[in-house]
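Asks: Take this structure, written in structure tokens, and hold onto it; I'll ask about it next.
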Amino acid sequence: MRKTASRFMPPVAVRPPLRWPARCFLAVMAVAFMAVFWTHPVAVGGSLLALGSLVAVLSRREALRLARMAQGRAGESICQFARAIDCRRVDTWVVRAVYEELQRSLSAAVAVPLRLTDTLQSDLRLDADDLDDLFADMAQRARRSLADTSANPLFGKVITVGDLVEFLQAQPRLPTGS
């Protein structure tokens, strides 16, 4: 049986909608915020303005950093990334899922070509929570199971993008119908 080429894989992981407890929690938090804003509009407004300004400055700084990184890698694409991997040993769906999900999470404005040697924390600035969410999306797109990740030989050793590819490759495949 011949496997479908990775370019035909689903474009984006499908996330389930929020369940009713989460929706109720968000509604309660919105009401609480509005009550605090109603009683202390100057303090809350000033705090939101300061926080918004800080986020804007930090976002601009990060966008410039990513733009410089992309400029230094001009002409690179998923092709160079895949050539650096032995695709006879590693599933091409894993390669594409890791590359596209990481790239999508970095910046919507600038496509940053990835390398296997990019460190997830210092180069790409992804923390453990970000990686957990991304890993779930990558696994879904690559049709890999998330069951028993602690049994994976690379558990706790994922530092670079290449390590992430190898970790996902070591996870068991889901049945084709899943």
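Residue numbering for the sequence shown is 201 to 378, as defined by the numbering used here.
Every residue, glycine too, gets a C-beta built ideally from N, C-alpha and C.
Here the structure is a predicted model, which is why all the values come from computation and not from measurement.
Rounding to the nearest angstrom, what Cα-Cα distance links residue 231 and residue 256 in this structure?
Replies: Taking the sequence shown and counting its residues from 1, the one referred to as residue 231 is at position 31. Taking the sequence shown and counting its residues from 1, the one referred to as residue 256 is at position 56. Roughly 26 Å between the two C-alpha positions.
Asks: Which same chain residues end up closer than 7 Å to residue 367 when comparing Cβ atoms and leaving out the 5 residues on each side of it in sequence?
Replies: To locate residue 367, count along the sequence shown from 1; it is residue 167. Same-chain partners within the cutoff: 352, 354 and 358.
Asks: Consult DSSP for residue 319 and reduce its assignment to one of helix, strand or coil.
Replies: Against the sequence shown, residue 319 aligns to sequence position 119. Residue 319: strand per DSSP, three-state reduction.
Asks: Who are the Cβ neighbours of residue 319 in its own chain at under 7 Å, not counting the five residues just before and after it?
Replies: Your numbering for residue 319 matches position 119 in the sequence shown. Hits under 7 Å: 359 and 360.
Asks: Just verifying my parser: in three-state terms, what is the DSSP assignment at residue 376?
Replies: Your numbering for residue 376 matches position 176 in the sequence shown. Residue state, collapsed to three classes: coil.
Asks: Closest to residue 332 by C-alpha separation, out of 311, 312, 305 and 316, would be which residue?
Replies: Here the question's residue 332 lines up with position 132 in the sequence shown. Of the candidates 311, 312, 305 and 316, the one whose C-alpha sits nearest the C-alpha of residue 332 is 305.
Asks: May I have the straight-line CA-CA distance separating residue 287 from residue 372, to the nearest angstrom?
Replies: The residue you call residue 287 lines up with position 87 of the sequence shown. The residue you call residue 372 lines up with position 172 of the sequence shown. Cα-Cα distance, rounded: 17 Å.
Asks: Could you say which of 365, 336, 266 and 241 lies nearest to residue 281 if we only look at CA atoms?
Replies: Start at 1 with the first residue of the sequence shown, and residue 281 comes out as number 81. If we check each option's Cα against that of residue 281, 365 comes out closest.
Asks: Is residue 288 helix, strand or coil by DSSP?
Replies: Sequence index remark: in the sequence shown, residue 288 carries index 88 (1-based). Coil, per DSSP.
Asks: Tell me which residue opens and which closes the alpha helix (DSSP H) that residue 356 is part of.
Replies: Position 156 of the sequence shown, counted from the first residue, corresponds to residue 356. From DSSP, residue 356 is part of no alpha helix (DSSP H); its letter is neither H nor E.
Asks: Under three-state DSSP, which class holds residue 223?
Replies: For the purposes of this step, residue 223 is taken as residue 23 along the sequence shown, with counting starting at 1. Residue 223 falls in the helix class under three-state DSSP.
Asks: Where does residue 261 sit, in a helix, a strand or coil, going by DSSP?
Replies: Reading the sequence shown from its first residue, position 61 is the one you call residue 261. Correct three-state label for residue 261: helix.
Asks: Measure the alpha-carbon distance for residue 374 versus residue 328 and round it to whole angstroms.
Replies: For this step, residue 374 is matched to residue 174 along the sequence shown. For this step, residue 328 is matched to residue 128 along the sequence shown. Spanning the two alpha carbons is a distance of roughly 24 Å.
Asks: Is the beta carbon of residue 334 closer than 8 Å to that of residue 314?
Replies: Here residue 314 is taken as the residue at index 114 of the sequence shown, counted from 1. Here residue 334 is taken as the residue at index 134 of the sequence shown, counted from 1. No, these two residues do not count as a Cβ contact at 8 Å.
Asks: Do the CB positions of residue 237 and residue 228 come within less than 8 Å of each other?
Replies: As a first step, residue 237 is located in the sequence shown; it is residue number 37 there, counting from the start. As a first step, residue 228 is located in the sequence shown; it is residue number 28 there, counting from the start. Not closer than 8 Å, so no.
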